[in-house]
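Reviewing the structure listed below.
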């Protein structure tokens, strides 16, 4: 496991970035764009989970060497949910936070203003739900999705999480920690847990955070259903783009992710279950996720540059990559081995 940098540490990349506050039908969104769109290629668009912002959720992954090599080929747009960005001001009294469906409907305005045609989405938890809803409502705008710890169901996580906190004071920070991490991680991985506990408690406006959590708590079921050839493949509500579902094998989200996988088209969906990994695989195992993402975009027809693939294969190191793959998608079949020699 990699060492854990401060969640909001500065990006290690020198790629040009710009910040934007974008007006949408449901309020203002703060977004950060790195790089410029490359021809007709999609832009990578990220959406974070509750208790996090784009930096604390994704910096470890996007600062990883192999991921930086990938992002030389794509511009990246990081979306912060309303009021969750660094130094966000509190919302005025009586403010109604957008529903999860409304959060998804804010994204077309982002693409329009930034002149982005299509995206490959990477979402975690609540962000994965938002991106899935966005793809269901606007399939022509989404070329692919990487969904980490996604839960397609409507039942709230707060009651479930609180029930697991025997002996704890069930305040908002504790509940969010139980949403992100397994019981063993909360006990054993003290450095990681302390880093994220302090971030959630001190770096995010707590009133704004409670509103975002409430929106996620009262989300609706995504209503997705696995298509059956010859019966409903043209009428069923499901994702039409390739999807990579990712979860750590000890994550609290395992059952939800497996449930989501069972509802999607098996010919377009890959389930990657990472061994020796709990919550936040993009933080705990950024190298493995970067490798999986590389194969995913290659399977979509991008990133076939020989120089990049050769560089990965000649780094002179061997890393155990224990994963479980269900319904392999294109070149992701390469990951269905227990040890990957780089």
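Numbering (full-length UniProt numbering), first residue to last: 1 to 342. Beta carbons are placed, not taken as given, at the ideal position from N, Cα and C, and that holds for glycine. The structure presented is a predicted model; accordingly, all values stated were derived computationally and were not measured.
Worksheet item: Should the region 112-122 be regarded as contacting the region 85-92, the criterion being three or more beta carbon pairs within less than 8 Å?
Response: no
Worksheet item: Going by the CB atoms, is the gap between residue 243 and residue 145 shorter than 7 Å?
Response: yes
Worksheet item: How big is the Cα-Cα spacing for residue 17 and residue 301?
Response: 26 Å
Worksheet entry | the region 57-76 touching the region 270-289, judged by at least three CB pairs closer than 8 Å | yes
Practice prompt. Taking only the alpha-carbon atoms, compute the straight-line gap between residue 150 and residue 245 and give it to the nearest angstrom.
Written response: 8 Å
Practice prompt. Inspect the beta-carbon positions of residue 255 and residue 237 and report whether they are closer than 7 Å.
Written response: no
Item to complete: Tell me the start and end of each unbroken beta strand (DSSP E) in the region 81-135 that is at least 3 residues and wholly inside, in chain order.
Response: 119-124
Discussion item. Tell me which residues share the same chain as residue 201 and place their Cβ nearer than 6 Å to its Cβ, disregarding the 5 neighbours each side in the sequence.
Written reply: 173
Practice prompt. Check residue 191 in the structure and name its three-state DSSP category.
Written response: helix
Fill in: Range covered by the alpha helix (DSSP H) that runs through residue 177
172-180
Worksheet item: What distance in whole Å lies between the Cβ atoms of residue 179 and residue 252, which are believed to be in contact at a cut-off of 8 Å?
Response: 7 Å
Worksheet item: Rounded to the nearest angstrom, how far is the Cβ of residue 64 from that of residue 290, given a contact under 8 Å?
Response: 5 Å
Worksheet item: Which stretch, first to last residue, makes up the beta strand (DSSP E) that contains residue 27?
Response: 27-34
Discussion item. Quick check: what's the CA-CA separation for residue 119 versus residue 68?
Written reply: 18 Å
Worksheet entry | residue 287: first and last residue of the uninterrupted alpha helix (DSSP H) it sits in | 286-299
Practice prompt. Could you check what DSSP says for residue 267 in three-state terms: helix, strand or coil?
Written response: coil
Item to complete: Flag this pair as yes or no: are the beta carbons of residue 215 and residue 100 separated by less than 7 Å?
Response: yes
Worksheet item: Given a threshold of 16 other Cβ atoms within 10 Å of its Cβ, counted over all protein chains shown, does residue 19 qualify as buried or as exposed?
Response: exposed
Fill in: residue 139 versus residue 217: straight-line alpha-carbon distance, rounded
25 Å
Item to complete: Can you grab the Cα-Cα spacing for the pair residue 47 / residue 196, in whole Å?
Response: 18 Å
Worksheet item: Would you say residue 124 and residue 49 are within 7 Å of each other, going by their C-beta atoms?
Response: yes
Item to complete: Out of 84, 122, 182, 66, state which residue places its alpha-carbon closest to the alpha-carbon of residue 29.
Response: 84
Discussion item. If I follow the unbroken beta strand (DSSP E) through residue 302, where does it start and stop?
Written reply: Residue 302 -> no beta strand (DSSP E), and no H or E assigned at all.
Item to complete: Pick out the complete beta strand (DSSP E) segments inside the region 206-260, 3 residues or longer, and give them in chain order.
Response: 243-248
Discussion item. Suppose you measure from the CA of residue 278 to the CA of residue 128; what does that come to, to the nearest Å?
Written reply: 17 Å
Discussion item. Closest to residue 103 by C-alpha separation, out of 75, 176, 135, 72, would be which residue?
Written reply: 135
Worksheet item: Shortest alpha-carbon distance to residue 260 belongs to which of 45, 239, 53?
Response: 239
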